[in-house]
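Structure first, commentary second.
In the working numbering, the protein residues as written are 49 to 326.
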């Protein structure tokens, strides 16, 4: 019997694929199929510690033959296909099967195969760059980003509800731009991707004077890697999320200003009518 309910699928993500000196390990992560594709891809890149711009990912099912080539994983359409594929496989036959979506770093695989063909690593074969039995260590992390039953993930939602609700539901009547503290920024991002542990960078961020969201958006990924100590995957994810937050914040400020101008215009028209009537 599957350990997941509804439309939640296991994605097996490899780690250390770009470092030949470290053995590749695998992390099993559970995703609901109705979350944003960009969030899934961001999470995969962060786990693999690779930049989305430079990545070349592939996927296949754990039930596929090892000789089968992986399919491309780049767009939301690719991800939709990946999530739909396990359904038929899972319930084919008399017993329900445990079907995983296995992610692969196509760049690292092609480099290793090329190296083997050139004789630089004569002992390497195609099988050596794929999960074998018994597989490399696997960490099981079931991240359910949707609460289908109302009973799951209450601790996670409760932990991020306060800063998130304050940020997204800022009083439209306020004249001041809301300043989201960096600790609340980390709460929000950590709530989306809890296994990365963004709170470990809180001290380094404050040491650099980054105490609010408004300051965090002024630096690029290279800064967060060299000065804050983030991995490239974490830095890329952090920059994407803080920029999304800043865009939401700017739109909220623009809406408040537009409402303020509208109220002022209505008030001015009312005074004009009163003066004319008198």
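By construction, the Cβ of each residue, glycine as well, lies at the ideal position given by its N, Cα and C atoms.
With DSSP run on the structure shown, which of helix, strand or coil describes residue 250? Walking along the chain shown from the start, residue 250 turns up at place 202. In the structure shown, residue 250 sits in a helix (DSSP, three-state: H, G or I).
Counting only the same chain and skipping the five closest in sequence on each side, list residues whose C-beta sits under 6 Å from that of residue 64. As a working note, residue 64 is residue 16 in the chain shown. Closer than 6 Å at the Cβ level, and outside the excluded window around residue 64, lie 70 and 72.
Exposed or buried, residue 114, counting other C-beta atoms within 10 Å across all chains shown (16 or more means buried)? Against the chain shown, residue 114 aligns to sequence position 66. The residue is exposed, with fewer than 16 neighbouring Cβ atoms inside 10 Å.
With residue 95 as the anchor, note down where its alpha helix (DSSP H) starts and where it stops. In the chain shown, the residue the question calls residue 95 occupies position 47. Looking at the DSSP string, the run of the alpha helix (DSSP H) that includes residue 95 is 85 to 96.
Which word fits residue 135, buried or exposed, when buried means at least 16 other C-beta atoms lie within 10 angstroms of its C-beta? By 1-based counting over the chain shown, the position of residue 135 is 87. Flag for residue 135 reads exposed.
Rounded to the nearest angstrom, what separates residue 118 and residue 155 at their Cα positions? Taking the first residue of the chain shown as 1, we reach residue 118 at position 70. Taking the first residue of the chain shown as 1, we reach residue 155 at position 107. One C-alpha to the other measures close to 12 Å.
From 91, 95, 57 and 301, pick the residue whose C-alpha is nearest to that of residue 79; which is it? By one-based count along the chain shown, residue 79 stands at place 31. If we check each option's Cα against that of residue 79, 57 comes out closest.
DSSP has residue 108 in a bridge; who is on the other side? Indexing the chain shown from 1 puts residue 108 at position 60. Per DSSP, 150.
Do residue 149 and residue 61 come within 7 Å of each other at the CB atom, strictly closer than that value? Sequence index remark: in the chain shown, residue 61 carries index 13 (1-based). Sequence index remark: in the chain shown, residue 149 carries index 101 (1-based). No, they are not a contact pair.
Residue 27, DSSP secondary structure in three states: For the chain, the structure presents residues 49 to 326; residue 27 sits outside this window and is missing.
Three-pair Cβ contact test at 8 Å for the stretch 282 to 291 versus the stretch 90 to 100: yes
Looking at the secondary structure, which residues open and close the beta strand (DSSP E) in which residue 272 lies? Sequence index remark: in the chain shown, residue 272 carries index 224 (1-based). Counting along the chain, residue 272 falls outside any beta strand (DSSP E), though it belongs to the alpha helix (DSSP H) covering 269 to 274.
In whole angstroms, what is the alpha-carbon distance linking residue 305 and residue 116? On the chain shown, residue 305 is found 257 positions in, with the first residue counted as 1. On the chain shown, residue 116 is found 68 positions in, with the first residue counted as 1. Taking the straight line joining both Cα atoms gives about 57 Å.
Who are the Cβ neighbours of residue 260 in its own chain at under 7 Å, not counting the five residues just before and after it? For the purposes of this step, residue 260 is taken as the residue at position 212 of the chain shown. Same-chain partners within the cutoff: 227, 228, 229 and 230.
Taking Cβ to Cβ, would you say residue 297 is nearer than 7 Å to residue 265? The count along the chain shown starts at 1 and reaches residue 297 at position 249. The count along the chain shown starts at 1 and reaches residue 265 at position 217. Contact flag unset, no.
Spell out the partners DSSP gives residue 61 in its beta bridges. Against the chain shown, residue 61 aligns to sequence position 13. Paired residue(s): 75.
Between residue 288 and residue 110, what straight-line distance do the alpha-carbon atoms span, to the nearest angstrom? The residue labelled residue 288 in the question sits at position 240 within the chain shown. The residue labelled residue 110 in the question sits at position 62 within the chain shown. Taking the straight line from one Cα to the other gives about 31 Å.
By the 10 Å Cβ neighbour count, where 16 or more other Cβ atoms means buried, how is residue 153 classified, buried or exposed? On the chain shown, position 105 is the one that residue 153 refers to. Flag for residue 153 reads buried.
Taking the alpha-carbon positions, what's the residue 279 to residue 272 distance? By one-based count along the chain shown, residue 279 stands at place 231. By one-based count along the chain shown, residue 272 stands at place 224. Going from the Cα of residue 279 to the Cα of residue 272 covers about 8 Å.
Report all residues from its chain with a CB closer than 7 Å to the CB of residue 103; omit the five preceding and five following residues, and keep chain order. Counted from its first residue, the chain shown places residue 103 at position 55. Taken in chain order, the residues that qualify are 93.
Nearest-angstrom beta carbon gap, residue 252 and residue 276 [assumed within contact, 8 Å]: Within the chain shown, numbered from 1, the residue matching residue 276 stands at position 228. Within the chain shown, numbered from 1, the residue matching residue 252 stands at position 204. 5 Å between Cβ atoms; contact.
Use the C-beta contact count for residue 268: other C-beta atoms within 10 angstroms, 16 or more gives buried, fewer gives exposed. Position 220 of the chain shown, counted from the first residue, corresponds to residue 268. It counts as exposed.
In or out: residue 82 buried (at least 16 other Cβ within 10 Å) or exposed? Working through the chain shown from its first residue, we reach residue 82 at position 34. Classification of residue 82: exposed, given that the 10 Å Cβ count is below 16.
Which stretch, first to last residue, makes up the alpha helix (DSSP H) that contains residue 262? Taking the chain shown and counting its residues from 1, the one referred to as residue 262 is at position 214. Note, residue 262: alpha helix (DSSP H), 261 to 264.
Counting only the same chain and skipping the five closest in sequence on each side, list residues whose C-beta sits under 6 Å from that of residue 199. Working through the chain shown from its first residue, we reach residue 199 at position 151. Its pLDDT being 42, under 50, residue 199 is placed unreliably by the model, and the measurement read from it follows with that caveat. Correct list: empty, nothing qualifies.
Cβ neighbour criterion (16 or more within 10 Å) applied to residue 232: If you number the chain shown from 1, residue 232 lands on position 184. So residue 232 counts as buried.
Suppose you measure from the CA of residue 85 to the CA of residue 240; what does that come to, to the nearest Å? The residue given as residue 85 occupies position 37 in the chain shown. The residue given as residue 240 occupies position 192 in the chain shown. Whole-angstrom Cα-Cα distance: 13 Å.
Beta-bridge partners of residue 234, as assigned by DSSP: For the purposes of this step, residue 234 is taken as residue 186 along the chain shown, with counting starting at 1. Looking at the DSSP assignment, residue 234 forms no beta bridge with any residue, so it has no partner.
Where residue 243 sits in the DSSP three-state scheme: Indexing the chain shown from 1 puts residue 243 at position 195. Three-state DSSP puts residue 243 in coil, outside helix and strand.
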